[in-house]
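A.B. asks: Those protein sequence lines, which keep their order, are chains A and B. Heads up: the first sequence runs through residues 1 to 348, numbered per UniProt numbering. Heads up: the second sequence runs through residues 1 to 348, numbered per UniProt numbering. Glycine included, every Cβ here is placed at the ideal spot set by N, Cα and C. None of these values were measured; they are calculated from a predicted model.
Protein chains: 2
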Amino acid sequence: MAHAHGYAVKDAQSPLVPFQFERREPGPHDVCIDILYCGICHSDLHQARDDWSNSLYPMVPGHEIVGRVTAVGAHVKKYKVGDLAGVGCMVGSCRHCSACAADLEQYCEEGATWTYNGTERNSDQLTFGGYSDHIVVEEHFVVKVPENLDLKAVAPLLCAGITTYSPLRYVKAGPGQKIGVIGLGGLGHMGVKFAKAMGAHVVMITTSPDKGKDAKRLGADEILVSRDPTDMHKHANSFDFLLNTIPVGHDVNPYLGLLKLDGKMGMVGVLTPIDPVIGGNLIFGRKSLFGSGIGGMAETQEMLDFCGQHNIVADVEMVSIKDVNQAWHRMEKNDVRYRFVIDMATLG
Amino acid sequence: MAHAHGYAVKDAQSPLVPFQFERREPGPHDVCIDILYCGICHSDLHQARDDWSNSLYPMVPGHEIVGRVTAVGAHVKKYKVGDLAGVGCMVGSCRHCSACAADLEQYCEEGATWTYNGTERNSDQLTFGGYSDHIVVEEHFVVKVPENLDLKAVAPLLCAGITTYSPLRYVKAGPGQKIGVIGLGGLGHMGVKFAKAMGAHVVMITTSPDKGKDAKRLGADEILVSRDPTDMHKHANSFDFLLNTIPVGHDVNPYLGLLKLDGKMGMVGVLTPIDPVIGGNLIFGRKSLFGSGIGGMAETQEMLDFCGQHNIVADVEMVSIKDVNQAWHRMEKNDVRYRFVIDMATLG
Numbered sequence: 001m002a003h004a005h006g007y008a009v010k011d012a013q014s015p016l017v018p019f020q021f022e023r024r025e026p027g028p029h030d031v032c033i034d035i036l037y038c039g040i041c042h043s044d045l046h047q048a049r050d051d052w053s054n055s056l057y058p059m060v061p062g063h064e065i066v067g068r069v070t071a072v073g074a075h076v077k078k079y080k081v082g083d084l085a086g087v088g089c090m091v092g093s094c095r096h097c098s099a100c101a102a103d104l105e106q107y108c109e110e111g112a113t114w115t116y117n118g119t120e121r122n123s124d125q126l127t128f129g130g131y132s133d134h135i136v137v138e139e140h141f142v143v144k145v146p147e148n149l150d151l152k153a154v155a156p157l158l159c160a161g162i163t164t165y166s167p168l169r170y171v172k173a174g175p176g177q178k179i180g181v182i183g184l185g186g187l188g189h190m191g192v193k194f195a196k197a198m199g200a201h202v203v204m205i206t207t208s209p210d211k212g213k214d215a216k217r218l219g220a221d222e223i224l225v226s227r228d229p230t231d232m233h234k235h236a237n238s239f240d241f242l243l244n245t246i247p248v249g250h251d252v253n254p255y256l257g258l259l260k261l262d263g264k265m266g267m268v269g270v271l272t273p274i275d276p277v278i279g280g281n282l283i284f285g286r287k288s289l290f291g292s293g294i295g296g297m298a299e300t301q302e303m304l305d306f307c308g309q310h311n312i313v314a315d316v317e318m319v320s321i322k323d324v325n326q327a328w329h330r331m332e333k334n335d336v337r338y339r340f341v342i343d344m345a346t347l348g
Numbered sequence: 001m002a003h004a005h006g007y008a009v010k011d012a013q014s015p016l017v018p019f020q021f022e023r024r025e026p027g028p029h030d031v032c033i034d035i036l037y038c039g040i041c042h043s044d045l046h047q048a049r050d051d052w053s054n055s056l057y058p059m060v061p062g063h064e065i066v067g068r069v070t071a072v073g074a075h076v077k078k079y080k081v082g083d084l085a086g087v088g089c090m091v092g093s094c095r096h097c098s099a100c101a102a103d104l105e106q107y108c109e110e111g112a113t114w115t116y117n118g119t120e121r122n123s124d125q126l127t128f129g130g131y132s133d134h135i136v137v138e139e140h141f142v143v144k145v146p147e148n149l150d151l152k153a154v155a156p157l158l159c160a161g162i163t164t165y166s167p168l169r170y171v172k173a174g175p176g177q178k179i180g181v182i183g184l185g186g187l188g189h190m191g192v193k194f195a196k197a198m199g200a201h202v203v204m205i206t207t208s209p210d211k212g213k214d215a216k217r218l219g220a221d222e223i224l225v226s227r228d229p230t231d232m233h234k235h236a237n238s239f240d241f242l243l244n245t246i247p248v249g250h251d252v253n254p255y256l257g258l259l260k261l262d263g264k265m266g267m268v269g270v271l272t273p274i275d276p277v278i279g280g281n282l283i284f285g286r287k288s289l290f291g292s293g294i295g296g297m298a299e300t301q302e303m304l305d306f307c308g309q310h311n312i313v314a315d316v317e318m319v320s321i322k323d324v325n326q327a328w329h330r331m332e333k334n335d336v337r338y339r340f341v342i343d344m345a346t347l348g
């Protein structure tokens, strides 16, 4: 066992406080990574507060991890000491079910092992995330980080990036398509960048007209203010795909009216109930509503390679580990453009 | 103008009563059809009662029409006097929008012309449906009826048939797929027959265990009683596709739990709001919910040809036009297996 330190919450009311714990020694298939940067995902706050009624304490959050390899097990093939490496939302899966066989480990029939707020695959020991100095992860769940990217801004790609990249690939986003991104936050700002890089005509759909200027800087071709009925009418029945990043229950019916025949809306943000869908809004136009959760390991690597080729990273605001509770408070108020990243050197 | 007679409702409270009206003379592209049989669709009752707040009176319902051609316009190519012919839910569309160009006239961007409770394409004259002695329809919206089928049992194929056939084709139903049909009524019983004929493993999903025996006669391989938690658990995460024929708002979340990874549920019955969908039920497993409305004219013909090849018709109960109000009352109580058809010879 190797001594580790990081920040944890002790219960649903606790702030993040310094926390000492043990990481396993790297086994033959494991990669040991010194964490350089870790993104702050909105789900870190949901999990810390037990909003989804499945929280395990003490909890070391963090699943947007980049760092440098410090040791590898005897059977590790793709990584060597000194390599850059990334770790996202999962660190294990059964590796033999049909989902795993289809490179969709996030939907593992036996349940994926989540990077934190889970238990190790073969024990009841808690998994601890990236708000910490190092992590030990099975090679299959580690991804290579392109050397040409700004490393600190790569961290959010491991969750916010793949969560938006995967559904865009699922609907074969590309030239000739009109794609709307609903909600301009950590997920939405990545959705705009990816949809644009894939060649689509991108419309940022937001309740806040003041976000428009920034959305265009990120790559949006147009802005649609969803509270403006004239604007909504103008874009009615015109979208091939809507990437819906809203993280709380809401009324999707007005957005369904924006979809053209056979149009699809992908939900990536909300785990809780949405307002009642009107059946006729799906039937008239054969419209679809689907959900998508992160992406498999092969697709996560593909996403990072795509980012390397297109020079895509997240827009980040750096934060010291000592200020992480304050960052959470600001994130709660959507006061971040667009992702906080912890500089783990500040752990001292 | 040709004199016609049928049955109509005069307002939302009215019973069906004898009604005299005029049909247009067949134009150069029109087919004139003597109606032999007309199915009674549950939507006839919804429309008569103004349940969807769009009813136009007087209303002659009926959009499951089969009959024999009595006259054709000069430019009609596919039909001649004496042919069997069918007419379904629509009698016109713009013929030039992208939906029409894709043989999806039901989603016409200018709006399809419905067989009844609509207005003629180029006038404000009401369209009158199949509870009548004859109808005049543009050739493009007429389909050929295979000669080998029991004609009276063909009528329901024009709506209940195509409504269930189309989404099964949309999801490429076939061998190796496990398909569930939710709700055993006019739509559901056709869904079972089609899914079976397409080669899928078919599970009838019903709240009523007593419907099981009949579902197996119709072709179901298995019965799943949705009120039985053990049965629901046994089938969890196992369906490729669910055809949901429930015609009123309901909770789809338990059914989403039956879908496997990338599974889809097609909604064909409910135009009104459904209960709140839990976002996580879509996200975990990348599941889809889509709507589907009838089918285009080419697919309606394909469906009838498929029925001819596989000897598929609806299970019907014949009714005299004089007893049509009583039939509506029984349909309201789901007391029909599985579709009433009016023998139009009883119109006298």
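1. What's the C-alpha gap between valine 336/B and phenylalanine 284/A?
2. Compare the C-beta of isoleucine 205/B against all C-beta atoms of chain A and say whether one is closer than 9 angstroms.
3. Does the structure place the segment 287 to 303 of chain B close enough to the segment 151 to 167 of chain B that three or more beta carbon pairs sit under 8 angstroms?
4. At the level of alpha carbons, what is the spacing between valine 324/A and leucine 258/B?
5. Using a Cβ-Cβ distance under 9 angstroms, would lysine 287/B count as near chain A?
6. If you measure beta-carbon to beta-carbon, which residues of the segment 180 to 191 of chain B are closer than 7 angstroms to chain A?
7. Anyone know if the C-beta pair for tyrosine 131/B and arginine 286/A falls short of 9 angstroms?
8. Can you find at least 3 beta carbon pairs, one from the segment 72 to 90 of chain B and one from the segment 27 to 36 of chain B, that sit closer than 8 angstroms?
9. Just to confirm, are lysine 260/A and asparagine 237/A a CB contact at a threshold of 9 angstroms?
10. With H, G and I counted as helix, E and B as strand and the rest as coil, what does DSSP make of leucine 184/B?
11. How many angstroms separate the CA atom of tyrosine 37/A from the CA atom of serine 226/B?
12. So, does the CB of lysine 264/B fall closer than 9 angstroms to a CB anywhere in chain A?
13. Ends of the alpha helix (DSSP H) at lysine 213/A?
14. Return the chain-ordered list of same chain residues with a C-beta closer than 8 angstroms to the C-beta of methionine 1/B, the five sequence neighbours on each side being excluded.
15. Going by alpha carbons, who is nearest to leucine 256/B out of Ile179/B, Tyr170/B, Ser53/B, Lys144/B?
16. Out of Arg68/A, Gly27/A, Trp52/A, Ile278/A, point me to the one whose CA is closest to alanine 74/A's CA.
17. By the three-class DSSP mapping on this structure, what secondary structure does lysine 172/B have?
18. Hey, could you find the ends of the beta strand (DSSP E) asparagine 148/A is sitting in?
19. Have a look at Gly185/B, Val181/B, His189/B and flag the residue whose alpha-carbon is nearest the alpha-carbon of valine 203/B.
20. Whole-angstrom Cβ separation of glutamine 301/A and lysine 144/A, contact assumed at under 8 angstroms?
21. Which residues of chain B have a Cβ atom closer than 8 angstroms to the Cβ of alanine 99/A, listed in chain order?
22. Buried or exposed: where does serine 43/B fall if 16 or more other Cβ atoms within 10 Å of its Cβ makes it buried?
23. For arginine 169/A, which option in Gly185/A, Val313/A, Ala195/A has the closest C-alpha, if you only look at C-alpha atoms?
24. For methionine 267/B, go through chain A and note every residue whose CB falls closer than 8 angstroms to its CB, in chain order.
25. What residues in the segment 157 to 180 of chain A bring their beta carbon closer than 8 angstroms to a beta carbon of chain D?
26. Quick one: residues in its chain with C-beta nearer than 6 angstroms to the C-beta of isoleucine 223/A, no 5 flanking neighbours on either side, listed in chain order?
27. Determine the burial state of tyrosine 47/B: buried for a count of at least 16 other Cβ atoms within 10 Å of its Cβ, exposed for fewer.
28. Below 8 angstroms on the Cβ atoms is my guess for leucine 187/B versus glycine 266/B; work out the distance and round it to an integer in Å.
29. Residues of chain A with a CB under 9 angstroms from the CB of leucine 104/B: which are they?
30. List the residues of chain A that aspartate 275/B touches, going by C-beta distances under 8 angstroms, in chain order.
31. So what does proline 254/B bridge to, in DSSP terms?
32. Using the Cβ count rule (16 or more neighbours within 10 Å means buried), how would you classify tryptophan 328/A?
33. Which residues bound the beta strand (DSSP E) around threonine 70/B?
34. For a quick check, are the C-beta atoms of isoleucine 342/A and isoleucine 40/A less than 9 angstroms apart?
35. Going by DSSP, what residue range makes up the beta strand (DSSP E) through residue 350/B?
36. In terms of DSSP beta bridges, what is glutamate 317/B paired with?
C.D. replies: Put simply:
1. 28 angstroms
2. no
3. yes
4. 41 angstroms
5. At least one C-beta of chain A is nearer than 9 angstroms to the C-beta of lysine 287/B.
6. none
7. no
8. Yes, the segment 72 to 90 of chain B touches the segment 27 to 36 of chain B.
9. The answer is yes: Cβ separation under 9 angstroms.
10. Coil.
11. 49 angstroms
12. yes
13. Start and end: 212 to 218.
14. Only Glu22, Arg23, Arg24, Glu25 meet the Cβ criterion.
15. Ile179/B
16. Out of Arg68/A, Gly27/A, Trp52/A, Ile278/A, Gly27/A has the C-alpha closest to the C-alpha of alanine 74/A.
17. Shown here, lysine 172/B sits in coil according to DSSP, grouped into three states, outside any helix or strand.
18. It is not in any beta strand (DSSP E) - asparagine 148/A carries neither H nor E in the DSSP assignment.
19. Val181/B
20. 7 angstroms
21. Leu261, listed in chain order.
22. buried
23. Nearest Cα to arginine 169/A within the set Gly185/A, Val313/A, Ala195/A: Ala195/A.
24. Gly279, Leu282, Ile283
25. The displayed structure is made up of protein chains A and B, and chain D is not among them.
26. Met204, Gly212, Ala215
27. The residue you asked about is not tyrosine; residue 47/B is glutamine in the sequence shown. It is buried - the Cβ of glutamine 47/B has at least 16 other Cβ atoms within 10 Å.
28. Actually they do not touch by this definition, with Cβ atoms about 11 angstroms apart.
29. Leu261, Asp262, Arg286
30. Pro276
31. Answer is none; proline 254/B lacks a bridge partner.
32. Buried, since its Cβ has 16 or more Cβ neighbours within 10 Å.
33. It spans 65 to 72 - the beta strand (DSSP E) in which threonine 70/B sits, taken as one unbroken run.
34. Yes; because the gap between Cβ atoms is below 9 angstroms, this pair is in contact.
35. Outside the modelled stretch of chain B, which goes from 1 to 348, sits residue 350/B, for which no answer is possible.
36. Phe340/B
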